[in-house]
Each structure stands twice: as structure tokens, then as C-alpha cells.
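Protein chains in written order, with our numbering: chain E, 23 to 378; chain R, 23 to 378.
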């Protein structure tokens, strides 16, 4: 199986859902047709083995899902609609030489494709290469559209705005910790580390069951595209960002770009049931710093009435933006302590993969 | 130096040339404003250490230049104008910890930036990560525009069309061979392999001298954007592709996508002076299979008068497209032999880097 065979395999099956794609995989470039009066949004995200996933922790379907979810979540944060996805994929030399290696790649694409179909986005191109080392390397590019001048930004929040999050926090970090334990048990039992497989509950029809997937926030995070698009369309939000690095870090990004501070009520944070299984302190830490929840954090002017649920996703008010440029955590007794960015910064952290 | 410091370093200095970029680095997505009535073209290209470059062969400036050139050349092949570039860059853990490591990254960006400025394209976003291994990993994304329905494709050539190439062939492969010899000599002399530095002739003002760079087709290939845009605007070409993998392989792509065959006149091939220094057989091999010349290969209906030079670049007729789906090489005595794809196919080739 050479590069051309791999490309042919990737190419087939995407044509039917090519809304907005005038020319897909197979030429020097893809050609996209954005709707009139719209701007183009572009985001790129690495998915590198050992940094963003481990083959013995994450099932291959999860790796493909997560690669696409990272990009879709960036579009969601700006209220955009996806137009097309592009995937650069480098595989180690042996990957396509063994049946199990090829099966991994097929399961990776099954995961990517299932999420793509859910959001009607087509894979319109990319690149393939032999990886220089032993690790699988992917880079996903998402191109989306938004009405001109209307995309939600990080930099447009104001002091006095209320602060909201979608869904629940800390679940991705809690499930990751459980996956790590399971992988260690499997290694101890078999004295070698194999590729992770799908949880039993997901083995049948997982692709078509967002409900089942919702119980796996680390393996199958759900990018909040419909929420973001609703925030934009109904002019509910003054600013938004997605929670990829962790609330404490992503809130700091939003505050810095907008030139404001914030206070967050610890007791208001919607803790994911998986996170709530551990101690209160651990649960709070995971909700604040865990990252990878891919929920949206947004600000809304205090006069705006924000619904408790948008596009079927719960929305929770967690705090307020301040004029003073400090970020504070308020506990149930009303005590204020500085909330330092405790999430992910790539080059500052040496552990592998993130938040292990 | 953490990820944020790196991003800040990348972010600064690009704002001034942000034509078509409504929002650059710093939010979840970049926002681009394509001209009315235009389609969007997108291409992604890996630049992986050990596969596409070697630190002891390629100067860092060359690696940055080549990464961007690969994407720009894909836009050139379709007659598009660049709108913005995106770079995903993963560096090994030690890279930002040493002065020489940081200097390499700065020289990489100097090379990338010089080519970007030459073509008025801005870096509007990307991703950064710690590489999982020892190798530097980059993925470049180029977004361009072309008038709706007018982009040059691989699939639209016809039997009877004349076949042309821009510039000269085989130079990139010839210079790569010379770089390999130099690196081996340096290693033998110093008994270790260091990072390659710029050739003496380029050490002053190389950024602003396309003439000097033209003597280094492997280190500093020149994407043929002005030629591609002229072919599109003046409706000269029926089809086009860029020569990244090698004439024999890229011609096979064009023929397959267009459903035609071709005959190529060996004696008509414009051999680069660096390739012409070796034996006639070696020179022909490098012109046909060497790859990485990043010239354009295009077809034109026989009734079209194609100028001998377009946008200052020599254009040479090298053959004709045939109804019969075979690709033939015609030698000076008129003998026809099959021309097999002898260029680059990633997963089929185990050597590192390409064509060593």
C-alpha cells in the first residue's frame, strides 16, 4: 500500500456530502465556494502521538474523532459553519505493512468520518507522508464561514458582562485518568502495551449515538457548533472561546485579549459526573485546569437574557467580567483567591501526553 | 520560552502586510476576506525533518523557504493568488532550551518570511506543539483565491494539446546531491554533524535577491505564482500541475486525471545548468525524476500561441498529449520508450530524506 493507494482510500466516499466543495481531493488544491457575504475562518490543530494521544490509551476511532473535534470546536467558538476539512497525516514506515497497522488507520478514519457526517463536513484534501519516527502525526485544518463582520471573537468582551459555559467541565480529564489506569492494568496483565479498543458500551452503533458518546468526554468530545452558531445568529454573546486548554487558561486568554478581568464562582461550575466521582478538591481542579472539554466559554452583556439551554446544551452562568485585570475564584464562603492559568501550555510541560 | 512566547514571536511583525486578513494570529480561527466572485483554494503540505529536509544538509533559512514554497507552488499550479498562510510547527523539547536551537528557529522564520514578503502573503495562524520525537515537524497551509470557475485543474487537458514546462529541470536534485557530499565531507572533517549554514554567496542580502537564489534550486525554489496567474488570466492553459514529485510522476498525474496520454521529447527538456554538469544520462534522469523543481507543467490547445517567456520565466514546449493513454519518451533518434513514473511516492520509498 503506497501513498497513492492511501490517498485513493481516503478520497473515496466523501464526494456525496461535498456541500460547498467545488473540487475535493486529487488536484494541487481543493476549491471551496463560500456563501455570498461571508468571511472565511481557518484553524489548524496538531494531533501528535505521545503529545495529544497514546495508542494504548485512546482507541483509534477516538483519535480520528478528536483530531476533527479540535478544529470543529475552534469554528464553534467563533459561531462559524464548517465548509471543509483537510488532513495532513504522516504514518510510521511499518504502519501500512501490517494488518493491525492498517486496521488502526481504518478505525482512525471511521472515527473522523462519523463526526464529519454528523456535522455535514467533507474532507476536501490534505497531505500524506511517511513519519520520520515511530509516532503517528496528524494536522487537521478546518475552513468555515460566518456572515461578514459577525464572527465571535476573544477580544470583544466588556467589563460587566456575565460569563457562561456550555455543558459540563472536568469530564475529559477524569476519563483520561481512568483510561490511564486501565492501560496500566492491561500492561501489567499482558506484560506488553497494545492498541486500545472501544469501550464495550460503544461497540455497536457508536457512530450514530451522541448520547452514548456523551458519557465519554475524553474519547469523544462534542464540538458545540450549533450553540456557537445560535450565539452568533441571535446576537447573544459579546465574546467567546472554546475550552481546549482548561477554563483557567482559556479564561485568561479571553480576558487578556479583551483587556478585562473576571471573577468565577466555584460553586456555580457545572461539574461533569465523571469528575464528581472524585474528591471535591480534585473535581474542582479538573473543572478549572483539566482542559479538553471542548465546551464554549462566552460573555454576554448583562442586559441580554441568555437561555438555560441552547441547541439542547445546558448553559450555566459561572461569573462576571471585571474592569480590574485580575482573575479571581470565589468560593462558597465568598472568599476571593487569584485563579492562575493552570491548563496546558505546550512547551512549558514535559509530560507526555498532556495532563497525564 | 513557552508556547505563548513562541506564538508572540511568530505573531509580531506580520500585521503590516495583512491584505485580505481581517483577523490574524491570536483567536480560535483567523478570518479571511476573499474578493467578491472568487473561489477559495486550499492546500496543505508537510515539511518533516528526515523526510523533506535534513538539518545537516539544508540551512534553516532554506527549510522555512521550502515549507512555504511547497504551498505557494500548489496555488501557482492552479493560477491562484495567495490570501494567507498558516503554519503548524512542532519542535523537539530541547529546541527552545539552547541558544543554537532558538537561532535555528529564528533562521527558519527568516527564510519563511522573506519568501512571504516577496509574494505579499501573511502568516495568519497555525498551531504549535512539542514534537514527540527528535525531529522538527511542520505543516504549511496556503489559502488562495481565483475567479469562480477559472482555476487551472489537472483534469481538463485534451489530446492534441501541446505540453510546456517553465524554467529548468533537474537543478533541485543536482544541488541536493552536492549538499549531501558537502555534509559528508563536513562530518568526516569534524567527526560530527552540525546544522548546515547558508552558502557564502548568499550570506549578505539573500532575502532580496531572487537572482542569487535562482542558483540554488534545491535550497530556494521559486514558486511560479506570476506565471500561473498569467496562464489563468490570459486563458493560455487548458490544464496545469506543479513539478514537486518529478516530471515523470507529475505528468502521469495530469494524464490520469485528464484521461489522456503524452509523448515527451527528451532533447527538448530544459536542463538546469547544475544538472548539466553531470553525464547526459544522469542529467536526463534528474530532469525526469528528480522532483522538487517546483516549475509548472501545463497543457495548451494547439491553436493557442504560448509566449516563450511568461512573467520573466522561460517557457519550453516539451511534448504533446495523446488520445492513447500511454506516456512515451522520444529520444533524439525518434525512438519511443515508455516513460514510467520515477518520482516520489512517499510510502513506497524508504530512503531518508527523499531522493538521497
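Positions of the beta carbon are idealized from the N, C-alpha and C atoms, including for glycine. Since the model is a prediction, treat every value here as computed from it, not as a measurement.
Own chain residues within Cβ distance below 6 angstroms of residue i, not counting five before or after
| i | result |
| --- | --- |
| residue 82/R | 126, 129, 130 |
| residue 244/R | none |
| residue 114/E | 153, 156 |
| residue 132/E | 83 |
| residue 347/R | 283 |
| residue 71/R | 157, 158 |
| residue 371/R | Its pLDDT being 37, under 50, residue 371/R is placed unreliably in this model, and the coordinates cannot settle the point. |
Contact check, residue i vs residue j, beta carbons under 9 angstroms
| i | j | result |
| --- | --- | --- |
| residue 191/E | residue 249/E | no |
| residue 101/E | residue 262/E | yes |
| residue 356/R | residue 310/R | no |
| residue 258/E | residue 143/E | no |
| residue 227/E | residue 268/E | no |
| residue 105/E | residue 166/E | yes |
| residue 162/E | residue 77/E | no |
| residue 42/E | residue 67/E | no |
| residue 69/R | residue 97/R | no |
| residue 50/E | residue 176/R | yes |
| residue 200/R | residue 223/R | no |
| residue 294/E | residue 169/E | no |
| residue 289/R | residue 354/R | yes |
Those residues which DSSP pairs with residue i across a bridge
| i | result |
| --- | --- |
| residue 331/R | 336/R |
| residue 104/E | 166/E |
| residue 212/E | DSSP, once it has assigned bridges, lists no residue as partnering residue 212/E. |
| residue 161/R | 68/R, 110/R |
| residue 135/R | DSSP, once it has assigned bridges, lists no residue as partnering residue 135/R. |
| residue 287/R | 352/R |
| residue 360/E | 350/E |
| residue 45/E | 53/E |
| residue 60/E | 169/E |
| residue 191/R | 293/R |
Contacts around residue i, its chain only, beta-carbon distance under 8 angstroms, and the 5 residues preceding and following it disregarded
| i | result |
| --- | --- |
| residue 369/R | Confidence is the limiting factor: at residue 369/R the pLDDT is only 44, short of 50, which leaves the residue's position unreliable, though a coordinate-based value still follows. For residue 369/R, where only same-chain residues beyond five positions count, there are no Cβ hits under 8 angstroms. |
| residue 335/R | 188, 189, 246, 248, 249 |
| residue 219/R | 81 |
| residue 285/E | 341, 342, 344, 349, 350, 351, 352, 358 |
For residue i, the three-state DSSP class (helix, strand or coil)
| i | result |
| --- | --- |
| residue 251/R | helix |
| residue 71/E | strand |
| residue 370/R | Unreliable placement is indicated for residue 370/R, whose pLDDT of 41 sits below 50; no coordinate value is reported for it. |
| residue 130/R | helix |
| residue 148/E | strand |
| residue 91/E | helix |
| residue 261/R | strand |
| residue 341/R | strand |
| residue 378/R | Its pLDDT being 31, under 50, residue 378/R is placed unreliably by the model, and the measurement read from it follows with that caveat. Residue 378/R: coil per DSSP, three-state reduction. |
| residue 85/R | helix |
| residue 455/E | Residue 455/E lies beyond the residue range present for chain E, which begins at 23 and ends at 378; the question has no answer from this structure. |
| residue 321/E | strand |
| residue 184/R | strand |
| residue 234/R | helix |
| residue 174/R | coil |
| residue 120/R | coil |
| residue 308/E | helix |
| residue 365/R | coil |
| residue 267/E | coil |
| residue 314/R | coil |
| residue 23/E | Only weak support is given to the placement of residue 23/E: the predicted model assigns it a pLDDT of 48, under 50, and the value that follows is read from those uncertain coordinates. Coil at residue 23/E, not helix or strand. |
| residue 256/R | coil |
Nonlocal neighbours in the same chain, by C-beta distance under 7 angstroms from residue i, ignoring five residues either side
| i | result |
| --- | --- |
| residue 326/R | 258 |
| residue 337/E | 186, 188, 328, 329, 330, 331 |
| residue 308/R | 192, 195, 196, 297 |
| residue 179/R | 260, 261, 276, 280, 282, 321, 343 |
| residue 380/R | Residue 380/R falls outside the range modelled here, since chain R spans only 23 to 378, and no answer is possible. |
| residue 91/R | 137, 243, 245, 316 |
| residue 333/E | 248, 249, 252 |
Task: Interfacial residues, the segment 63-92 of chain R to chain E, with Cβ spacing under 8 angstroms - done: 63, 64, 65, 66, 67, 68, 70, 71, 72, 73, 74
Open item on the list: Give me the subset of the segment 172-185 of chain E whose CB atoms are less than 9 angstroms from a CB atom of chain R, sorted by chain position.
Closed with: The residues in question are 173, 174, 175, 176, 177.
Task: Selection of the segment 207-236 of chain E by Cβ proximity to chain R, strictly under 7 angstroms - done: Per Cβ criterion, the list is empty.
TODO: Could you please tell me which residues of the segment 255-270 of chain R, in chain order, have their CB closer than 7 angstroms to any CB of chain E?
DONE: Correct list: 263, 264.
Task: Contact list for the segment 46-57 of chain E against chain R, Cβ threshold 9 angstroms - done: 48, 49, 50, 51, 52, 53, 54, 55, 56
- [ ] Output, in sequence order along the chain, the residues in the segment 121-150 of chain E whose CB is closer than 8 angstroms to any CB in chain R.
- [x] 146, 147, 148, 149, 150
Task: Residues within the segment 305-330 of chain R neighbouring chain E, beta-carbon criterion of under 8 angstroms - done: If the cut-off is 8 angstroms between Cβ atoms, the segment 305-330 of chain R has nothing near chain E.
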